[in-house]
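In our numbering, the protein residues as written are 9 to 515. All C-beta atoms, glycine included, are put in the ideal place defined by N, C-alpha and C. Working notes, structure below.
Written as structure tokens, this is what we have:
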């Protein structure tokens with residue numbers, strides 16, 4: 009019996025919305041039809057329908073998840089890579105017990121901070137929670153801004169990324185490869201160039217995708233070969249081919265993307281940092297200073313602020329402040345470092361939000377679009393969360409309505425591009441399928457790259473973009489325009505200075 013026949017047998021008619029081939033009138037459905045709709049919803053839950061909510065940090069994802077859960081009998085599964093860790097609830101912006109309004113939340117604050125929790129662990133933990141929620145005839149709602157977490161659950165044979173906050177572009181690794189610290193330590197004595205040469209000899213296709221200085225990505229490709237016995241490029245090629253032919257989506261999926269206009273979102277993000285300070289963020293930072301001094305707290309993590317909980321925005325930004333505070337520096341001398349930490353945290357939050365948007369546009373939406381011609385589909389919808397004063401009318405009400413329609417009968421779903429002007433624009437711009445990683449071309453931005461002399465920390469910083477789409481979006485970014493204007497003014501000053509020098513020499 010096919011899946012459709014199973015559904016029809018369960019419902020007791022030839023298809024949803026009909027009885028013995030006759031249409032059921034709109035609101036005159038009667039108790040029997042309502043019962044059938046309830047059965048259909050239960051069937052959808054059993055076969056795995058679920059609802060991810062994505063978007064940038066600070067856009068209101070948790071609020072919508074709770075509202076949605078209360079409306080459709082749902083439970084929330086956290087999909088934020090930093091909120092899985094215990095502690096630092098303010099810095100990681102965990103939803104409070106009071107804000108949950110009685111809605112069950114899962115995979116939130118349960119991992120000890122002394123180790124790194126991997127996307128592979130999340131995939132298995134989330135799938136187990138989804139199964140448990142389905143068995144309770146409830147709706148799983150996956151919410152968070154770590155989009156590669158969301159994709160690892162949505163798709164079989166997912167090209168799972170181990171991207172950190174510093175590396176927005178994906179590694180596209182097999183789900184069985186963890187990106188282990190042990191592998192990094194085994195190769196710690198090798199230079200970046202040595203590792204890249206090793207990769208070029210073993211997998212020249214992947215070597216051409218990564219810059220020799222990008223040690224993390226080069227190591228990941230080498231680890232794929234070591235762990236699986238197969239070249240990283242071969243695995244990607246076969247996985248991409250399989251996704252074209254096979255049903256790779258695990259569940260019928262409704263994706264809700266909360267979007268806010270970037271200038272408006274920036275103001276909201278900056279205000280949120282100020283509110284975090286009011287809520288006691290500096291108390292958590294004081295604890296962080298003690299934890300960093302205690303080697304046991306973050307014992308399983310590498311140095312710096314690039315792994316595990318230590319990636320949280322605010323840790324690195326207040327590093328100089330905490331280091332100075334540990335020396336008992338007077339408060340008046342600490343204050344400039346404190347102000348700089350706040351400013352850096354706001355800017356880092358804004359940069360992270362931009363990376364999240366780029367991921368959704370370049371990766372998640374095309375992956376969803378690639379399922380629309382298959383029997384199991386991921387249907388993306390955009391909700392305009394720009395104006396918090398119109399939250400109910402533009403986010404809550406349409407979000408709940410779309411979710412209910414999806415659960416009752418996805419044939420009655422509204423046209424996604426008709427929801428709003430911004431939805432029409434963003435969905436029209438989305439590609440039909442994601443670009444192949446193997447077709448990427450790397451672009452270096454000479455405007456945003458800095459020499460040691462130009463960088464504030466006196467360390468060279470090169471900006472590389474993977475693929476034409478990422479490069480084009482970078483060229484239109486506010487930071488690129490700001491750097492371009494800075495370099496133009498710098499060149500004008502140098503030109504003026506040289507002109508004055510020539511005039512002086514001619515006198």
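- Task: To the nearest angstrom, report how far apart residue 481 and residue 471 are at their CA atoms.
- Result: Taking the first residue of the chain shown as position 1, residue 481 is located at position 473. Taking the first residue of the chain shown as position 1, residue 471 is located at position 463. Going by the C-alpha atoms only, they are around 13 angstroms apart.
- Query: How is the beta strand (DSSP E) around residue 59 delimited, first residue to last?
  - Reply: Your numbering for residue 59 matches position 51 in the chain shown. Start and end: 59 to 63.
- Message: If the criterion is Cβ atoms closer than 7 angstroms, does the pair residue 115 and residue 80 meet it?
- Response: Here the question's residue 115 lines up with position 107 in the chain shown. Here the question's residue 80 lines up with position 72 in the chain shown. Result no, Cβ atoms of residue 115 and residue 80 do not sit closer than 7 angstroms.
- In three-state terms, what does DSSP make of residue 469? Here the question's residue 469 lines up with position 461 in the chain shown. Looking at residue 469 - three-state DSSP - the assignment turns out to be strand.
- Considering only residues of the region 284 to 338, which uninterrupted alpha helix (DSSP H) runs meet the minimum length of 4 residues and lie entirely inside it, listed in chain order? 289 to 301, 327 to 333
- Task: Determine the contact status of residue 69 and residue 266, defining contact as a CB-CB distance below 7 angstroms.
- Result: One-based indexing of the chain shown puts residue 69 at position 61. One-based indexing of the chain shown puts residue 266 at position 258. Yes, the pair counts as a contact, with Cβ atoms nearer than the cut-off.
- Residue range of the unbroken alpha helix (DSSP H) whose run includes residue 416: As a first step, residue 416 is located in the chain shown; it is residue number 408 there, counting from the start. Where residue 416 is concerned, the enclosing alpha helix (DSSP H) stretches over 405 to 416.
- Collapsed DSSP secondary structure at residue 495 in the structure displayed: As a working mapping, residue 495 is identified with position 487 in the chain shown. Of the three classes helix, strand and coil, the one that applies to residue 495 here is helix, per DSSP.
- Is the region 57 to 67 touching the region 299 to 319 in the sense that three or more CB pairs, one from each, lie closer than 8 angstroms? Taking a cut-off of 8 angstroms for Cβ pairs, the region 299 to 319 and the region 57 to 67 do not touch, as fewer than three such pairs fall below it.
- Item | Buried or exposed by the 16-neighbour rule on C-beta atoms within 10 Å, applied to residue 160 | Counting from 1 along the chain shown, the entry for residue 160 is found at position 152. Buried: at least 16 other Cβ atoms inside 10 Å.
- Measure from the alpha carbon of residue 63 to the alpha carbon of each residue in 77, 405, 367, then state which is nearest. Taking the first residue of the chain shown as position 1, residue 63 is located at position 55. Selected option, being the one with the closest Cα: 367.
- Contact under 7 angstroms by Cβ, residue 247 with residue 211: For the purposes of this step, residue 247 is identified with residue 239 of the chain shown, where counting begins at 1. For the purposes of this step, residue 211 is identified with residue 203 of the chain shown, where counting begins at 1. Going by C-beta atoms, residue 247 is not nearer than 7 angstroms to residue 211.
- Query: Going along the chain, which unbroken runs of the alpha helix (DSSP H) with 4 or more residues stay wholly within the region 84 to 143?
  - Reply: 127 to 143
- Using only alpha-carbon positions, find the residue among 125, 85, 121 that is nearest to residue 108. On the chain shown, position 100 is the one that residue 108 refers to. It is 85 whose Cα lies nearest to the Cα of residue 108.
- Task: Could you tell me which residues DSSP puts in a beta bridge with residue 147?
- Result: Counting from one through the chain shown, the residue named residue 147 turns up at place 139. Answer is 82, bridged to residue 147.
- Task: Going by DSSP, name the residue or residues bridged to residue 392.
- Result: Against the chain shown, residue 392 aligns to sequence position 384. According to DSSP, which records beta bridges pairwise, residue 392 is partnered with 267.
- By Cβ distance, which residues of its chain are closer than 8 angstroms to residue 348, with the 5 residues on each side in sequence left out? Within the chain shown, the letter at position 340 stands for residue 348. Contacts found: 328, 329.
- Of all the options 423, 363, 503, which has the alpha carbon lying nearest to the alpha carbon of residue 391? As a first step, residue 391 must be located in the chain shown, where it is residue number 383. Each of 423, 363, 503 was checked against the Cα of residue 391, and the nearest Cα belongs to 423.
- Item | Separation of residue 469 from residue 309, as counted between CA atoms | Residue 309 sits at position 301 when you count from the first residue of the chain shown. Residue 469 sits at position 461 when you count from the first residue of the chain shown. So the alpha carbons of these two residues sit roughly 24 angstroms apart.
- Simplified DSSP state of residue 432, which is helix, strand or coil: By 1-based counting over the chain shown, the position of residue 432 is 424. Reduced to three states, the DSSP call for residue 432 is helix.
- Query: How long is the line joining the alpha carbons of residue 223 and residue 202, rounded to whole angstroms?
  - Reply: On the chain shown, residue 223 is found 215 positions in, with the first residue counted as 1. On the chain shown, residue 202 is found 194 positions in, with the first residue counted as 1. Computed Cα separation, rounded: 10 angstroms.
- Message: Mapping the DSSP letters down to three states, classify residue 427 as helix, strand or coil.
- Response: Within the chain shown, residue 427 is the residue found at index 419, counting from 1. Coil, per DSSP.
- Item | Under the three-state DSSP convention, the category residue 261 falls into | For the purposes of this step, residue 261 is taken as residue 253 along the chain shown, with counting starting at 1. In the structure shown, the three-state DSSP call for residue 261 is strand.
- For the beta strand (DSSP E) that contains residue 450, what are its first and last residues? Residue 450 sits at position 442 when you count from the first residue of the chain shown. Taken as a continuous stretch (DSSP letters only), the beta strand (DSSP E) holding residue 450 covers 450 to 452.
- Query: Rounded C-beta distance between residue 257 and residue 414? I'm assuming under 8 angstroms.
  - Reply: Along the chain shown, read from residue 1 onward, the residue named residue 257 stands at position 249. Along the chain shown, read from residue 1 onward, the residue named residue 414 stands at position 406. No, residue 257 and residue 414 are not in contact; Cβ-Cβ is about 14 angstroms, not under 8 angstroms.
- Sequence-distant residues of the same chain with beta carbon closer than 6 angstroms to residue 434, five excluded per side: Reading the chain shown from its first residue, position 426 is the one you call residue 434. 390.
- Message: So for residue 198, helix, strand or coil by DSSP?
- Response: Position 190 of the chain shown, counted from the start, is the residue given in the question as residue 198. Taken through DSSP and simplified to helix, strand or coil, residue 198 comes out as coil.
- Task: Pull up the distance between the alpha-carbon of residue 356 and that of residue 331, whole angstroms please.
- Result: For the purposes of this step, residue 356 is identified with residue 348 of the chain shown, where counting begins at 1. For the purposes of this step, residue 331 is identified with residue 323 of the chain shown, where counting begins at 1. Rounded to whole angstroms, residue 356 to residue 331 spans 20 angstroms at the Cα level.
- Query: What span of residues does the alpha helix (DSSP H) with residue 236 cover, start to end?
  - Reply: The count along the chain shown starts at 1 and reaches residue 236 at position 228. 223 to 236 is the span of the alpha helix (DSSP H), which, as asked, contains residue 236.
- Task: Tell me whether the beta-carbon of residue 158 lies closer than 7 angstroms to the beta-carbon of residue 148.
- Result: Taking the first residue of the chain shown as position 1, residue 158 is located at position 150. Taking the first residue of the chain shown as position 1, residue 148 is located at position 140. Not a contact, by the Cβ cut-off of 7 angstroms.
- Message: Which residues does DSSP list as the beta-bridge partners of residue 208?
- Response: In the chain shown, residue 208 corresponds to position 200, counting from 1. Paired residue(s): none; residue 208 is not in a bridge.
- Item | Alpha-carbon spacing of residue 500 relative to residue 277, whole angstroms | For the purposes of this step, residue 500 is taken as residue 492 along the chain shown, with counting starting at 1. For the purposes of this step, residue 277 is taken as residue 269 along the chain shown, with counting starting at 1. Taking the straight line joining both Cα atoms gives about 34 angstroms.
- Determine which residues share a DSSP beta bridge with residue 163 and list them. Taking the chain shown and counting its residues from 1, one reaches residue 163 at position 155. When beta bridges are read from the DSSP output, residue 163 appears opposite 257.
- Item | Through-space distance from residue 295 to residue 118, alpha-carbon basis | The residue labelled residue 118 in the question sits at position 110 within the chain shown. The residue labelled residue 295 in the question sits at position 287 within the chain shown. Going by the C-alpha atoms only, they are around 19 angstroms apart.
- Relative to the C-alpha of residue 131, which residue among 209, 105, 88, 458 is closest? Taking the first residue of the chain shown as 1, we reach residue 131 at position 123. Comparing Cα positions, the closest option is 88.
- Task: Name, in chain order, the residues that DSSP records as bridge partners for residue 458.
- Result: Working through the chain shown from its first residue, we reach residue 458 at position 450. BP columns for residue 458 point to 469.
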